[in-house]
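Participant: In order, the protein sequence lines correspond to chains A and B.
For the first sequence, the numbering used here gives the first residue as 1, with consecutive numbering after it.
For the second sequence, the numbering used here gives the first residue as 352, with consecutive numbering after it.
The following block contains the structure, expressed as structure tokens.
Protein chains: 2
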Amino acid sequence: MTPLARRAFLAACRGEEHDTVPVWFMRQAGRSLPEYRAIRERHDFEEVVRTPELAAEVTLQPVRRYGVDAAILFSDIVTPVASLGIGLEIRPGVGPVVDEPFRRPADLARLRELEPEEDLPYVLETVRLLVAELDIPLIGFAGAPFTVASYLIEGGPSKTYDRTKALMFSDEPTWHRLMERLAGITLASLRAQVREGAAAVQLFDSWAGALTPADYERYVLPHSRHVLTELADAGVPMIHFGVGTGELLGLMADAGADVVGVDWRVPLDVARARIPEGVGTQGNLDAAAVLAPWEVVEARVRDVLHRSGGRRDHVFNLGHGVLPTTEPDVLARVVELVHREGRTDGTVGDG
Amino acid sequence: MTPLARRAFLAACRGEEHDTVPVWFMRQAGRSLPEYRAIRERHDFEEVVRTPELAAEVTLQPVRRYGVDAAILFSDIVTPVASLGIGLEIRPGVGPVVDEPFRRPADLARLRELEPEEDLPYVLETVRLLVAELDIPLIGFAGAPFTVASYLIEGGPSKTYDRTKALMFSDEPTWHRLMERLAGITLASLRAQVREGAAAVQLFDSWAGALTPADYERYVLPHSRHVLTELADAGVPMIHFGVGTGELLGLMADAGADVVGVDWRVPLDVARARIPEGVGTQGNLDAAAVLAPWEVVEARVRDVLHRSGGRRDHVFNLGHGVLPTTEPDVLARVVELVHREGRTDGTVGDG
Numbered sequence: 001m002t003p004l005a006r007r008a009f010l011a012a013c014r015g016e017e018h019d020t021v022p023v024w025f026m027r028q029a030g031r032s033l034p035e036y037r038a039i040r041e042r043h044d045f046e047e048v049v050r051t052p053e054l055a056a057e058v059t060l061q062p063v064r065r066y067g068v069d070a071a072i073l074f075s076d077i078v079t080p081v082a083s084l085g086i087g088l089e090i091r092p093g094v095g096p097v098v099d100e101p102f103r104r105p106a107d108l109a110r111l112r113e114l115e116p117e118e119d120l121p122y123v124l125e126t127v128r129l130l131v132a133e134l135d136i137p138l139i140g141f142a143g144a145p146f147t148v149a150s151y152l153i154e155g156g157p158s159k160t161y162d163r164t165k166a167l168m169f170s171d172e173p174t175w176h177r178l179m180e181r182l183a184g185i186t187l188a189s190l191r192a193q194v195r196e197g198a199a200a201v202q203l204f205d206s207w208a209g210a211l212t213p214a215d216y217e218r219y220v221l222p223h224s225r226h227v228l229t230e231l232a233d234a235g236v237p238m239i240h241f242g243v244g245t246g247e248l249l250g251l252m253a254d255a256g257a258d259v260v261g262v263d264w265r266v267p268l269d270v271a272r273a274r275i276p277e278g279v280g281t282q283g284n285l286d287a288a289a290v291l292a293p294w295e296v297v298e299a300r301v302r303d304v305l306h307r308s309g310g311r312r313d314h315v316f317n318l319g320h321g322v323l324p325t326t327e328p329d330v331l332a333r334v335v336e337l338v339h340r341e342g343r344t345d346g347t348v349g350d351g
Numbered sequence: 352m353t354p355l356a357r358r359a360f361l362a363a364c365r366g367e368e369h370d371t372v373p374v375w376f377m378r379q380a381g382r383s384l385p386e387y388r389a390i391r392e393r394h395d396f397e398e399v400v401r402t403p404e405l406a407a408e409v410t411l412q413p414v415r416r417y418g419v420d421a422a423i424l425f426s427d428i429v430t431p432v433a434s435l436g437i438g439l440e441i442r443p444g445v446g447p448v449v450d451e452p453f454r455r456p457a458d459l460a461r462l463r464e465l466e467p468e469e470d471l472p473y474v475l476e477t478v479r480l481l482v483a484e485l486d487i488p489l490i491g492f493a494g495a496p497f498t499v500a501s502y503l504i505e506g507g508p509s510k511t512y513d514r515t516k517a518l519m520f521s522d523e524p525t526w527h528r529l530m531e532r533l534a535g536i537t538l539a540s541l542r543a544q545v546r547e548g549a550a551a552v553q554l555f556d557s558w559a560g561a562l563t564p565a566d567y568e569r570y571v572l573p574h575s576r577h578v579l580t581e582l583a584d585a586g587v588p589m590i591h592f593g594v595g596t597g598e599l600l601g602l603m604a605d606a607g608a609d610v611v612g613v614d615w616r617v618p619l620d621v622a623r624a625r626i627p628e629g630v631g632t633q634g635n636l637d638a639a640a641v642l643a644p645w646e647v648v649e650a651r652v653r654d655v656l657h658r659s660g661g662r663r664d665h666v667f668n669l670g671h672g673v674l675p676t677t678e679p680d681v682l683a684r685v686v687e688l689v690h691r692e693g694r695t696d697g698t699v700g701d702g
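Here's what the structure looks like:
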């Protein structure tokens, strides 16, 4: 890869000139890859995350396969908070499960500050291994305070987030204190990743889309803004993503992101109109579209490129994570197609 | 209840003059009510649906409790299709599960036409019992073709609908034939409910929000439109609802609905601007907001009323179904508040 191509991802995140639309895939590492499943036959998820050689290897697998423009640290949204010994485990086929969910003010005491060097040495070592190995940018990874809070409060994955919202609505001071602590943990984790060489970060507020814009603004935005504004002096592009966030895109930009990730539900040109100028977009091919025959995939990829309007502040991605049933060869062809046809004409600001 | 108040719900659905904003709640019957849980201790879900006295009783329970302006038939989205003997059961705590999911063209043969009098006699008897008993309108209930298809193809509830989309994208003729059959089943079920006296219907396309607008328009809209346009001569208002459909609201109106149900994610005034004049709105208090202390609930209810702009074509509702943890007294107070403060000033068409 030429030095020029290597910088396309960072240039796009910053809205700087470059020729070819960069592309990577959320969850590009993981279950869709046979070489990942081979590793998981011998090691469980948490073991992979906690073993730098394994975490680095699965981070690199999709880079080799797909020729993407960025790697993303293999980790989980709850990895930092789980390292604090709060009784959280990632159960296969379920997700993060908390033995004693957080529901009372007293639970705040269970969250001490994160000391990345002490609590997450394996994550930092993974970042170091990757930075030494990669000739493309490594994206650091963290869950945003709301999404982490939802796991702690619900005790596991939820469809309705009713306990989370009940706490938010009924005990606002406790809610904000919890979010402040989680913001501190997120920030410490991202800062440490950047210090070790991550060239960008993505803040995953995966479930923020469960909130109304007014609730997002009141209960969540201040804490995500704290993370993003404090991290700004680190000088790396910051991507801010959630699912079902069609009505929150402008607020997620306002939180201080350089790039807002857009899910597949909102056509990219429609999303663009909701995001202020000066902030880029990432997305937004339906992750299920790549299960279609190639002619369909091709048309969908072109549609996303078309709706991106040749702007130089767009990063091509799926609208959510790669589905486990995805055929890796199709993703490789998507990368090729985006690199071949995704030309930026330098447009920014007349979108 | 006075005859004038009795017609508020139908008047709102038709955009006709009336004084007080009408209100009912999706899933107002069911798990949040102790009197419902008492019945379920002795009878399982399917037994309740198939026993007219029980189904009518649980339909009436929230009417007595809350003083809502409409009752909705207690049923399930898959009730009609399950009556065809396709190996579908509703598993407690899981939802609809299909023994052998629909994935090949040959599976189409498993879906014969619905003969409501033969296949769903208990549903029609329930409607008759209710119409004789109620002095408010009864809303007929059906799942829209896409949402029913998603259960048949996935074999159960899904988060990603990847098998559904894979079929849609890879074998479009089979997809459309499946949707045509499901549209016929939905239509037959709704027509029979109206024939027995249902005064309005709600078409639940609960999971349509998983689709991009372009896919909704191509793969789903024609079939929901078939149901709604064929049913139009029955002369009853038709409500069309789905979750996460912020980008689909205009299309769901175009399908032929009189009223579009709006989930809580889209502020009602924003939703209004996406729905053509001549079509009303229903919604959209966050179902989790009623878990909050009363001052918070009150402010949220007023916010929805405020955003409805005094228009006479709005029906107050939650943005999704009542959550099981909901305190019934709070819903009763919400009804009271909407009836006290929800005045229509006759506005329609300047929204």
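Backbone N, C-alpha and C define an ideal beta-carbon position, used for all residues, glycine too.
On a Cα-Cα basis, can you pick out the residue from L529/B, S659/B and V647/B that is closest to A638/B?
Facilitator: Position 287 of the second sequence holds residue 638/B. Residue V647/B is the option with its Cα nearest to A638/B.
Participant: Quick check for students: name the residue ranges of the beta strand (DSSP E) that lie wholly in the segment 467–546 of chain B, counting only runs of 3 or more.
Facilitator: Complete beta strand (DSSP E) runs here, min 3: 489–494.
Participant: Pull up the CB-CB distance for I437/B and V449/B, whole angstroms please, since I reckon it's below 8 Å.
Facilitator: Along the second sequence, read from residue 1 onward, the residue named residue 437/B stands at position 86. Along the second sequence, read from residue 1 onward, the residue named residue 449/B stands at position 98. About 7 Å; that satisfies the 8 Å criterion.
Participant: Alpha carbon to alpha carbon, how far is S434/B from V127/A?
Facilitator: On the second sequence, residue 434/B is found 83 positions in, with the first residue counted as 1. On the first sequence, residue 127/A is found 127 positions in, with the first residue counted as 1. If I take the Cα positions, the gap works out to 56 Å.
Participant: Determine, for P213/A, whether the minimum Cβ-Cβ distance to residues of chain B falls below 8 Å.
Facilitator: Your numbering for residue 213/A matches position 213 in the first sequence. Chain B contact via Cβ: present.
Participant: Are at least three pairs of beta-carbons, each pair with one atom in the segment 626–643 of chain B and one in the segment 594–607 of chain B, less than 8 Å apart?
Facilitator: Touching, yes.
Participant: If the cut-off is 8 Å on Cβ atoms, which residues from the segment 521–551 of chain B count as contacting chain A, listed in chain order?
Facilitator: For the segment 521–551 of chain B, which is checked against every Cβ of chain A, the residues closer than 8 Å are S521.
Participant: Using the Cα positions of A549/B and A38/A, report the straight-line distance between them to the nearest angstrom.
Facilitator: One-based indexing of the second sequence puts residue 549/B at position 198. One-based indexing of the first sequence puts residue 38/A at position 38. If you take the alpha carbons of A549/B and A38/A, they lie about 57 Å apart.
Participant: Does the beta-carbon distance from E172/A to T164/A come in below 8 Å?
Facilitator: Here residue 172/A refers to the residue found at position 172 of the first sequence. Here residue 164/A refers to the residue found at position 164 of the first sequence. Not in contact: E172/A and T164/A (Cβ atoms no closer than 8 Å).
Participant: Determine the burial state of H306/A: buried for a count of at least 16 other Cβ atoms within 10 Å of its Cβ, exposed for fewer.
Facilitator: Start at 1 with the first residue of the first sequence, and residue 306/A comes out as number 306. So H306/A counts as exposed.
Participant: So, for P564/B: in the same chain, excluding its five sequence neighbours on each side, which residues have a beta-carbon less than 7 Å away from its beta-carbon?
Facilitator: Here residue 564/B refers to the residue found at position 213 of the second sequence. Within the same chain, P564/B has close Cβ partners E598, L599 and L602.
Participant: Return the CA-CA distance between A585/B and V545/B, expressed in angstroms with no decimal places.
Facilitator: Numbered from its first residue, the second sequence carries residue 585/B at position 234. Numbered from its first residue, the second sequence carries residue 545/B at position 194. Roughly 7 Å between the two C-alpha positions.
Participant: Quick one: any contact between the segment 482–500 of chain B and the segment 560–577 of chain B, if contact means 3 or more CB pairs under 8 Å?
Facilitator: Yes: at least three Cβ pairs fall under 8 Å.
Participant: Taking the continuous alpha helix (DSSP H) assigned at A12/A, which residues delimit it?
Facilitator: Here the question's residue 12/A lines up with position 12 in the first sequence. A8 to R14 is the extent of the alpha helix (DSSP H) around A12/A.
Participant: Between which two residues does the beta strand (DSSP E) containing E440/B stretch?
Facilitator: Start at 1 with the first residue of the second sequence, and residue 440/B comes out as number 89. E440/B -> beta strand (DSSP E) spans L439 to R442.
Participant: Taking its Cβ as the centre, do 16 or more other Cβ atoms sit within 10 Å of P385/B, making it buried, or is it exposed?
Facilitator: Looking up residue 385/B in the second sequence gives position 34. Looking at its Cβ environment, which holds fewer than 16 other Cβ atoms inside 10 Å, P385/B is exposed.
Participant: Could you give the first and the last residue of the continuous alpha helix (DSSP H) run that contains L462/B?
Facilitator: Along the second sequence, read from residue 1 onward, the residue named residue 462/B stands at position 111. Run containing L462/B: none; DSSP gives neither H nor E here.
Participant: Return no unless some Cβ of chain A is closer than 8 Å to the Cβ of G597/B.
Facilitator: Counting from 1 along the second sequence, the entry for residue 597/B is found at position 246. Chain A, which has a Cβ nearer than 8 Å to the Cβ of G597/B, makes this yes.
Participant: Over what stretch of residues does the beta strand (DSSP E) that includes I239/A continue unbroken?
Facilitator: For the purposes of this step, residue 239/A is identified with residue 239 of the first sequence, where counting begins at 1. Here the beta strand (DSSP E) through I239/A covers M238 to F241.
Participant: Against chain A, with Cβ distances strictly below 8 Å, would Y307/B count as a contact?
Facilitator: Here chain B comprises residues numbered 352 to 702, so residue 307/B is not present and cannot be evaluated.
Participant: With DSSP run on the structure shown, which of helix, strand or coil describes Q282/A?
Facilitator: To locate residue 282/A, count along the first sequence from 1; it is residue 282. Q282/A falls in the strand class under three-state DSSP.
Participant: Taking 8 Å as the threshold (C-beta atoms), are D566/B and G593/B in contact?
Facilitator: Here residue 593/B refers to the residue found at position 242 when the second sequence is read from its first residue. Here residue 566/B refers to the residue found at position 215 when the second sequence is read from its first residue. No. Outside cutoff.
Participant: Could you name the residues of the segment 630–645 of chain B whose beta carbon sits closer than 8 Å to any beta carbon of chain A, in the order they occur along the chain?
Facilitator: From the segment 630–645 of chain B, only D637, A638, A639, A640, L642, A643 and P644 have a Cβ closer than 8 Å to chain A.
Participant: For the alpha helix (DSSP H) containing P447/B, name the first residue and the last one.
Facilitator: Position 96 of the second sequence holds residue 447/B. Per DSSP, P447/B belongs to no alpha helix (DSSP H); it is in the beta strand (DSSP E), G446 to V449.
Participant: Looking at chain B, is there any beta carbon in it that lies within less than 8 Å of the beta carbon of G209/A?
Facilitator: What you label residue 209/A is simply residue 209 of the first sequence in a count that begins at 1. With 8 Å as the cut-off, G209/A counts as an interface residue toward chain B.
Participant: Residues of chain B with CB under 9 Å from A166/A, in chain order?
Facilitator: Start at 1 with the first residue of the first sequence, and residue 166/A comes out as number 166. The contacting residues are A639, L642, A643 and T676.
Participant: According to the neighbour-count rule (16 or more other Cβ atoms, all chains shown, within 10 Å of its Cβ), is W645/B buried or exposed?
Facilitator: Looking up residue 645/B in the second sequence gives position 294. With fewer than 16 other Cβ atoms within 10 Å, it is exposed.
Participant: Check the DSSP bridge columns for Q553/B and list the partner residues they point to.
Facilitator: On the second sequence, residue 553/B is found 202 positions in, with the first residue counted as 1. Q553/B pairs with F492/B and I590/B.
Participant: How many angstroms separate the CA atom of R265/A from the CA atom of M589/B?
Facilitator: Mapped onto the first sequence, residue 265/A falls at position 265. Mapped onto the second sequence, residue 589/B falls at position 238. So the two alpha carbons sit approximately 25 Å from each other.
Participant: Would you tell me roughly how many angstroms separate the C-alpha atoms of L533/B and H339/A, rounded to the nearest one?
Facilitator: In the second sequence, residue 533/B corresponds to position 182, counting from 1. In the first sequence, residue 339/A corresponds to position 339, counting from 1. The alpha-carbon atoms of L533/B and H339/A are separated by roughly 41 Å.
Participant: Taking buried to mean at least 16 other C-beta atoms within 10 Å of its own C-beta, is P324/A buried or exposed?
Facilitator: Along the first sequence, one-based indexing puts residue 324/A at 324. Result: exposed.
Participant: Check whether chain B comes within 8 Å of P267/A, counting only Cβ atoms and requiring the distance to be less than that.
Facilitator: The count along the first sequence starts at 1 and reaches residue 267/A at position 267. Chain B, which has a Cβ nearer than 8 Å to the Cβ of P267/A, makes this yes.
Participant: Have a look at Y161/A and A192/A and give me their C-alpha separation to the nearest angstrom.
Facilitator: Position 161 of the first sequence, counted from the first residue, corresponds to residue 161/A. Position 192 of the first sequence, counted from the first residue, corresponds to residue 192/A. C-alpha separation (whole angstroms): 30 Å.
Participant: In three-state DSSP terms, what is V673/B?
Facilitator: Walking along the second sequence from the start, residue 673/B turns up at place 322. Coil, per DSSP.
Participant: Identify, in the order they occur along the chain, each residue of the same chain with its Cβ nearer than 8 Å to the Cβ of D350/A, setting aside the five sequence neighbours on each side.
Facilitator: As a first step, residue 350/A must be located in the first sequence, where it is residue number 350. Legend: pLDDT at D350/A = 47, less than 50; position of this residue unreliable, no value from coordinates given.
Participant: Considering only residues of the same chain and omitting the five flanking positions on each side of T537/B, which have a CB-CB separation below 8 Å?
Facilitator: Locating residue 537/B in the second sequence gives position 186, where the first residue counts as 1. Counting only Cβ-Cβ distances below 8 Å, and skipping sequence neighbours, we find P431, A493, G494, A495, P496, V499, L554 and V578.
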